[in-house]
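Trainee: Mind having a look at this structure? Questions to follow.
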Amino acid sequence: MDDLLKPVKTVRNVKSNIEKFETLSLREQQSKNDLTSTRKILSEISSGSGAPLNVLGESAEEEGSGVADDHVTKDLIPSEDRQSPERDSLQRIDGSISSPEHAFEILKQQPTEESFAAVMQYLEDGIHKKHHFSLHVPSASSAQILNVLVANVVADRWPILKSNTASKVDKSIRKSLLLCMSSVVGIGAVIARIQSLLTSPQISKAGFSQRIVFGETVSFFGSIAFHKNLVRDLLERTQSSVGRPGQEQVLWTEATSLLAGSKILNVFLEASTTSELKGEIPSWLQDPKEYCGWLGVNIAYAAISLTSVTEDAWKMLANLLKRALSLSHKDAVVAELYMQLLLGEKALWTPLRLLCGYLPRLNQKTVLEIMLQDMSQKFLSTSRDKEDGAKLVINGRDAVGGVASIISGFISDNEYLEAQLIDWLTNTSSAHTLETRRAMILVLSSKEGKLPILLEKSMKIFSDKLHIKHDSILQQEALAQVVLVTAGYLHRMKSQSMFELSKSSSYLQAVSNRLAASLPQARFLGMVVGMAISRLVDQPDKTMNFDVEEMQSQEAKWWFSLVSVEDAMGAVEVLRTLSTNTRRATSQLIPQKRNAAQTPQRKRRAQAETSKIISIEEVDDDDSESEDDDLIPYQKPDEDPEDSDEDPTLINRSKPKAPVYVHDLVKSLNVVDKPEVVEMALKTAPSLIRRKAHFGSELSENIIDLASTLINLQDGMSNLELQELRLQSLIACLVSQPSRMGPWFANMYFTGDFSLSQRATILTTIGLSSREIAGHKDEGTPSASQPVSPLPPSKQLPPHLAAVYQAQPQSQSPSQPQFSPMHLATLTNTIQHTTLRPMTLAAADAATGPNILKIRTFSSRMAVQERSKARTLERSRVIPKDVHKLLAQDMYLPLCCRLSILVSGGAGVSVKTNTLLEPQMLKLFLQTLTVVLTTLGPAAVVQLPAVNQETLLLLMALQRRGELCMDAAVLPAMLTLLLVLLDVSVEAGGGVEEGLVRDHGDGFAELVRWLAQLADGQAAARVPDEAPAKKVKKDRHDDDDDDDDDGSDAADAMPWTVVAAGIQVKWFEVASKFQARMMGLVAGLGGDGF
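Take the sequence shown: its letter number 158 is residue 305 in the working numbering, and every next letter is one higher.
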């Protein structure tokens, strides 16, 4: 095979050709173009008188250089030479190849350029139907020719043909070669050749020639496929080359299997696993999402080229799209499809409707659902702003109208898709945003009779007791939003329909069932819906009114404003404009503003210096010496370090500067191919973000772009120090604006296109930020109690005054080392030991004797109390007043509810294909919930009922998925979360503990019964322990002495059987207490209360 890499030696001896054609009278022809030697030979041959043309082939065989190939096409010869003698000679050379067998015999050898050009001309003429043989039609002869082209010709000639410096003849040969191979059978032959090279045992050996052959073959395939019209060309050539409908269908089925059946993608993904071959493969063939995007663009361009009368072609293209919807990144296919057709220079509705019209109903539903999800992420807001209800009516109106116009144009009086919209709006398992639901409701408002059906169906589900008890609060809020927005539309269109609904039993039952719910948020939603609908239909003096404080809050006003939402159908051009505006660069001239503000001060100083002297006062020397103390003497600066290189031109003196503004920080993080700039930006980011948190609006205007840039940062992330700096920067973003960034991080975790490491970074950010917001000081993490430069320099006191008026320094020293952040696993293990330690010590005390016999020194007790008091005082200074609401509503519940919906299967996801349900990722997710729940603590009495319900729904959904809960990584994290939930509820006491047993006792008892079966050994063999057991301290009083321990002694996780036993013991205590109280109430004896 090494001979394949040697250049082909062609014979270009004009004199020898003249001697062999001594019967010909030659006369020189002056050519207008400077052609290659091949053209010169052909021009001399064309000047002959009537000698038979196959003599050239015989002479070539005698020389051993092969028969002349016919690749010279009409593109090879310039337009001004089309009628020249050279063209006549080419036609005669083409006539020398009489059959495909003859062409195959020539290609098997190493033909000259003339022979290869003649063969290619013959094959191209067959494609253009100038003779009976076409290389695009599957046959034995075409398979032989394709195989020899891929195996021999590509390896020998493609490096020369693809060169930018290739001659005109080589460029024409390249064009003809690509034309011959741009077919279903041609692409199949190339993929088969690449696959055979992969299976070769010598392909992975260093320096072997087959690796070079592999690279050239991949390059050749990229030249065939990497453009926007491949699907269009394949479709046209399949229909034009094959006359029989049956054979045409078989050929297109093969094309569908190649392009949308993962055959191509699987071959290149397999090749990319070999490090020696990965560099030879282009990025779009290694990334499945990029490949799916390329396929979507090709399908869109093929649809644009078709006419409405070609029914067979539309069916074939629809079959390709149907198969593409089974790919893992089908969202990329649909996104590129509708973006190219609708959001290009002109909205092309006809191709999209015709293409989707030939799809089955289920696939039409899939396309519409993916379009909704993609438009929601690109054009619609995903955050809820309940601070100002008036903003809701204005914000996003244009984008909602644009999305609604696309939905309305796509469904186009399709009853099935209209019914599907109603189903998505009333289905509690759907995960659409409020703006997306507004767009769907706007579409249904334009359809006759659809809004009453939607309102009746949503009100029925809203009043269902099972829905109130078992659905997550996120699903209940989504349904309440649908009810209120639909009620507002229906009242403006048909007020009589709303009046009849207010008198119906479904409305009254919804309000009464909600008021009887045990969950505070469920009762709140019932009161909001009842009052909002009553205000629409009743007289002002007869409206329903719940005179409670919750109905006067800002959140209640936000809910009441939903009935006044009125969007208008927009144009598709609005979305095209929005997609352009989102990429605009930030251009704020902050330094100029600051310089302008300093100018008046300078003028005032100059006026004061030139003012009239009123009196002269003598000053003592002591006072002058005291003033001189303010002048700080500076030492002589050190000499510059010596250059690392003697050549000054090789030294980079443009060192990166630390950014001083947030928008400059974002630009520095987006710099490519300059790692020193990114490193400097990461080192500056944590302190800059915290310094700008409470100073101006610059951070709030750029914080979304900053967080997105930090998450997507890839350069230098192999460095552990840069990873820690990125994590600290993300923590600073979340701590600076928790109410805004908490839901954003949770939404990005589920909807963002991130890798496993990026999702792990998001979870770690949420877990560690919750600790910092609550004022907990964990070793190795930045704490809010010790901010980095919390104030800008203009707000700071001078050093000599700060030492007098401030108990602590305002800023940390720049030289202070930065500690690596504590991992969530260590925090979770510490929580395990802290929760189980009291039960272990109680058992140890029962075995060692009564407490009165134990000795305790007063010194240790007083020291422990003093440290606890200091920690409590310090936390009270740094935590926000609404810390429990922030942790519950903005961090814990968005994560817990979304995962519960995902695990329950409502989103139609599979455990095997969804990376969110990967065992290690699910373990980290549950550890994050454990950390946030522990940080929330027993003091959050108002938020704990909702937290308990959502956590139990999640754990029960996991318990029903055996492939998840029985995993060795997931089960310990599940049990730890359940243990912490029970411990926090018990510590909260009162109504929280009682509500846990009364409202969720059956679900909790089911989980405990399942744990008992595992602990008894019925399924324990399937769940091995991840870590060995950790010894627990047995002396209670020694434990009290180390009350401020950071958990470093609890680095190892306990076996899951120990955690399961702790859960059973705690649940038995809680259930016994509740049972005693119930028996006491029945007997009139009181019983033990909570």
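Ideal placement from N, C-alpha and C gives every residue a C-beta, glycine not left out.
Given a threshold of 16 other Cβ atoms within 10 Å of its Cβ, counted over all protein chains shown, does residue 260 qualify as buried or as exposed?
Mentor: So residue 260 ends up on the buried side.
Trainee: Does the Cβ of residue 264 have 16 or more other Cβ atoms within 10 Å, making it buried, or fewer, making it exposed?
Mentor: Buried, by the Cβ-count rule.
Trainee: Measuring alpha carbon to alpha carbon, tell me which of 578, 619, 618 and 641 ends up nearest residue 602.
Mentor: Cα-wise, what sits closest to residue 602 is 641.
Trainee: When the Cα atoms are used, what is the spatial distance from residue 481 to residue 518?
Mentor: Looking at the two C-alpha atoms, the distance is approximately 7 Å.
Trainee: With C-beta atoms as the reference, is residue 636 less than 8 Å away from residue 569?
Mentor: No.
Trainee: Touch check for the segment 483-500 and the segment 440-455: three-plus C-beta pairs under 8 Å?
Mentor: Segments in contact, yes.
Trainee: Starting from the C-beta of residue 662, find all residues in its chain whose C-beta is less than 8 Å away, skip the five residues before and the five after it, and write them out in chain order.
Mentor: Here the set comprises 670, 673 and 674.
Trainee: Please classify residue 1159: does DSSP put it in a helix, a strand, or coil?
Mentor: It is helical.
Trainee: Please report the distance separating the alpha-carbon of residue 900 from that of residue 290.
Mentor: So the two alpha carbons sit approximately 42 Å from each other.
Trainee: State the CB to CB distance for the pair residue 1111 and residue 1154, rounded to an integer number of angstroms; the pair is presumed to be in contact (CB under 8 Å).
Mentor: Actually they are not in contact, since the Cβ atoms of residue 1111 and residue 1154 sit about 14 Å apart, beyond 8 Å.
Trainee: In terms of residue numbering, what span does the alpha helix (DSSP H) encompassing residue 443 cover?
Mentor: Segment 435-452, the alpha helix (DSSP H) holding residue 443.
Trainee: Distance check for residue 1091 and residue 860, CA to CA, integer angstroms please.
Mentor: Each residue's alpha carbon lies about 36 Å from the other.
Trainee: For residue 477, name the three-state secondary structure that DSSP assigns.
Mentor: Here residue 477 sits in helix by DSSP.
Trainee: Can you give the Cα-Cα distance for residue 1028 and residue 862, rounded to whole angstroms?
Mentor: Between residue 1028 and residue 862, the C-alpha separation is close to 39 Å.
Trainee: Here's a check: name, in chain order, each residue in its chain whose Cβ is nearer than 7 Å to the Cβ of residue 377, leaving out the five neighbours to either side.
Mentor: Excluding sequence neighbours, residue 377 sits near 445.
Trainee: CB-CB under 7 Å to residue 656, same chain, minus the five flanking residues each way: which ones, in chain order?
Mentor: Result list for residue 656: 610, in chain order.
Trainee: Taking the alpha-carbon of residue 297 as reference, which of 337, 326 and 865 has the nearest alpha-carbon?
Mentor: Considering only alpha carbons, the answer is 337.
Trainee: Where do the N-terminal and C-terminal ends of the alpha helix (DSSP H) with residue 1082 fall, by residue?
Mentor: Segment 1066-1083, the alpha helix (DSSP H) holding residue 1082.
Trainee: Residue 343 to residue 1114, Cα distance in whole Å?
Mentor: Between residue 343 and residue 1114, the C-alpha separation is close to 39 Å.
Trainee: Can you find at least 3 beta carbon pairs, one from the segment 557-568 and one from the segment 509-523, that sit closer than 8 Å?
Mentor: As far as the Cβ criterion goes, the segment 557-568 touches the segment 509-523, which means the pair count is three or higher.
Trainee: Which stretch, first to last residue, makes up the alpha helix (DSSP H) that contains residue 913?
Mentor: That run of the alpha helix (DSSP H) goes 903-920.
Trainee: Taking the C-alpha atoms as reference points, what is the distance between residue 141 and residue 277?
Mentor: Shown here, the chain extends from 148 to 1237; a query on residue 141 therefore has no answer.
Trainee: Buried or exposed: which applies to residue 632, given that a residue is buried once 16 or more other Cβ atoms fall within 10 Å of its Cβ?
Mentor: By the 10 Å Cβ count, residue 632 comes out buried.
Trainee: My assumption, with CB atoms under 8 Å, is that residue 1203 sits in contact with residue 1122. Please give the rounded CB distance.
Mentor: The Cβ separation is near 6 Å, so the contact holds.
Trainee: Just to confirm my understanding: we take residue 1143, look at its own chain, exclude 5 residues before and 5 after, and list those with CB closer than 6 Å. What are they?
Mentor: Once the five neighbours on either side are set aside, the close Cβ partners of residue 1143 are 1095 and 1132.
Trainee: Would you call the segment 421-428 and the segment 465-483 in contact, with 3 or more CB pairs under 8 Å?
Mentor: As far as the Cβ criterion goes, the segment 421-428 does not touch the segment 465-483, which means the pair count is below three.
Trainee: Who are the near neighbours of residue 716 in its chain, counting only those whose CB is closer than 6 Å to its CB and skipping five residues on each side?
Mentor: Once the five neighbours on either side are set aside, the close Cβ partners of residue 716 are 548, 551 and 552.
Trainee: Round the Cβ separation of residue 424 and residue 358 to the nearest angstrom and send it over; I've been treating them as touching at under 8 Å.
Mentor: About 7 Å separates the two Cβ atoms, so the contact holds.
Trainee: What would DSSP say about residue 685, mapped onto helix, strand or coil?
Mentor: Coil, per DSSP.
Trainee: In this structure, does DSSP put residue 646 in helix, strand or coil?
Mentor: Three-state DSSP puts residue 646 in a helix.
Trainee: Would you kindly report the start and end of the unbroken alpha helix (DSSP H) that includes residue 836?
Mentor: From DSSP, the alpha helix (DSSP H) with residue 836 extends over 822-838.
Trainee: Do residue 381 and residue 402 have their C-beta atoms within less than 8 Å of each other?
Mentor: Yes, these two residues count as a Cβ contact at 8 Å.
Trainee: For residue 590, which residues of its own chain have a beta-carbon under 7 Å away from its beta-carbon, when the five flanking residues on both sides are left out?
Mentor: Counting only Cβ-Cβ distances below 7 Å, and skipping sequence neighbours, we find 551, 554, 555 and 568.
Trainee: Which of helix, strand or coil does DSSP assign to residue 1143?
Mentor: Of the three classes helix, strand and coil, the one that applies to residue 1143 here is helix, per DSSP.
Trainee: Could you spell out the range, first to last residue, of the alpha helix (DSSP H) harbouring residue 617?
Mentor: Residue 617 -> alpha helix (DSSP H) spans 612-617.
Trainee: Once the 5 residues before and after residue 221 are set aside, which same chain residues still bring their CB inside 6 Å of it?
Mentor: Low local confidence applies: a pLDDT of 35 at residue 221 is under 50, so the model's placement there is unreliable, and no value is given.
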